[in-house]
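Here is the structure we will look at.
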Amino acid sequence: FGDRVNGTRASITGAGAIQTGVRMDNEKWIEIARTGTFTDTHGREKTFTRQDLDAIARAYDPKKRDAPLVFGHPALNAPAYGWAEKPKSENGRLFATFAQVPGEVREIVRKGHYRHVSMSLMPDGVTLRHVGLLGAARH
Numbered sequence: 585f586g587d588r589v590n591g592t593r594a595s596i597t598g599a600g601a602i603q604t605g606v607r608m609d610n611e612k613w614i615e616i617a618r619t620g621t622f623t624d625t626h627g628r629e630k631t632f633t634r635q636d637l638d639a640i641a642r643a644y645d646p647k648k649r650d651a652p653l654v655f656g657h658p659a660l661n662a663p664a665y666g667w668a669e670k671p672k673s674e675n676g677r678l679f680a681t682f683a684q685v686p687g688e689v690r691e692i693v694r695k696g697h698y699r700h701v702s703m704s705l706m707p708d709g710v711t712l713r714h715v716g717l718l719g720a721a722r723h
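Quick look at the structure:
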């Protein structure tokens with residue numbers, strides 16, 4: 585993962601700051617969001633501050649709700665192609681590592697077929713819903 589797309593779904597869908605150059609190495613921290621104002625797929629603007637990204641990182645508890653790695657922004661968060669691990673917020677950017685990502689998914693990302701990522705949030709605005717791999721689309 586590597587370019588910026590902050591996509592928030594539920595009440596905010598696909599708001600994005602596109603991250604490009606996605607790589608899926610073991611233990612690789614992938615940028616999934618950054619500060620700024622973005623327009624979602626419904627034309628709504630959403631601003632993410634450092635405090636927002638800190639709150640998303642703090643709120644993540646995979647024992648209560650884990651966030652799958654998906655293709656695009658599916659309505660049902662399925663199928664899962666991996667799972668976000670504990671995210672961290674640093675210098676206005678939100679990062680995560682991913683576990684249980686199949687080799688086939690790593691390979692198509694390595695080949696550049698999916699160069700962007702977009703996070704999706706639940707309606708509360710702090711609970712990570714999923715992280716979507718995006719090809720040409722950026723929302």
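Residue numbering for the sequence shown follows the working numbering, starting at 585 and increasing by one per position.
From the three backbone atoms N, C-alpha and C, an ideal C-beta is built for every residue, glycine too.
Let me check one thing: in DSSP terms, what residues is residue i bridge-paired to?
{"i": "Leu712", "result": "Leu705"}
Within a Cβ cutoff of 7 Å, which residues of the same chain sit near residue i, ignoring the five residues on either side of it in sequence?
{"i": "Asn661", "result": "Pro652, Val654, Arg713 and His714"}
{"i": "Val685", "result": "Met608, Leu653, Tyr665 and Gly666"}
{"i": "Thr619", "result": "Phe632, Thr633, Arg634, Leu637 and Gly676"}
Could you round the C-beta distance between residue i and residue j to whole angstroms and report it? I think they count as a contact, below 8 Å.
{"i": "Lys612", "j": "Thr681", "result": "7 Å"}
{"i": "Pro718", "j": "His700", "result": "Reading off the sequence, residue 718 comes out as Leu, not Pro. With 8 Å as the limit, Leu718 and His700 qualify as a contact, their Cβ atoms being about 4 Å apart."}
{"i": "Ala668", "j": "Leu637", "result": "14 Å between Cβ atoms; not a contact."}
Output needed for residue i: all residues of its chain with C-beta closer than 8 Å, excluding positions within five of it in sequence on either side, in chain order.
{"i": "Pro671", "result": "Ile616, Ile640, Ala641, Tyr644, Leu678, Phe679, Ala680 and Leu712"}
Go through its chain and collect everything with a Cβ distance to residue i's Cβ below 6 Å, but skip five positions before and after it.
{"i": "Asp650", "result": "Trp667"}
{"i": "Val689", "result": "Tyr665"}
{"i": "Ala683", "result": "Trp667 and Glu669"}
{"i": "Pro663", "result": "none"}
Those runs of the beta strand (DSSP E) which lie wholly inside the region 654 to 693 and span at least 3 residues
672 to 674 and 677 to 680
Three or more C-beta pairs under 8 Å: does that hold for the region 639 to 651 against the region 703 to 716?
Counting Cβ pairs under 8 Å, three or more are found: they touch.
Contained beta strand (DSSP E) runs [length at least 3] in the region 606 to 646, N- to C-terminal order
614 to 618, 620 to 623 and 629 to 632
Counting Cβ pairs closer than 8 Å, one from the region 670 to 679 and one from the region 618 to 635, do we hit at least three?
Yes, since at least three Cβ pairs between the region 670 to 679 and the region 618 to 635 fall closer than 8 Å, the two stretches touch.
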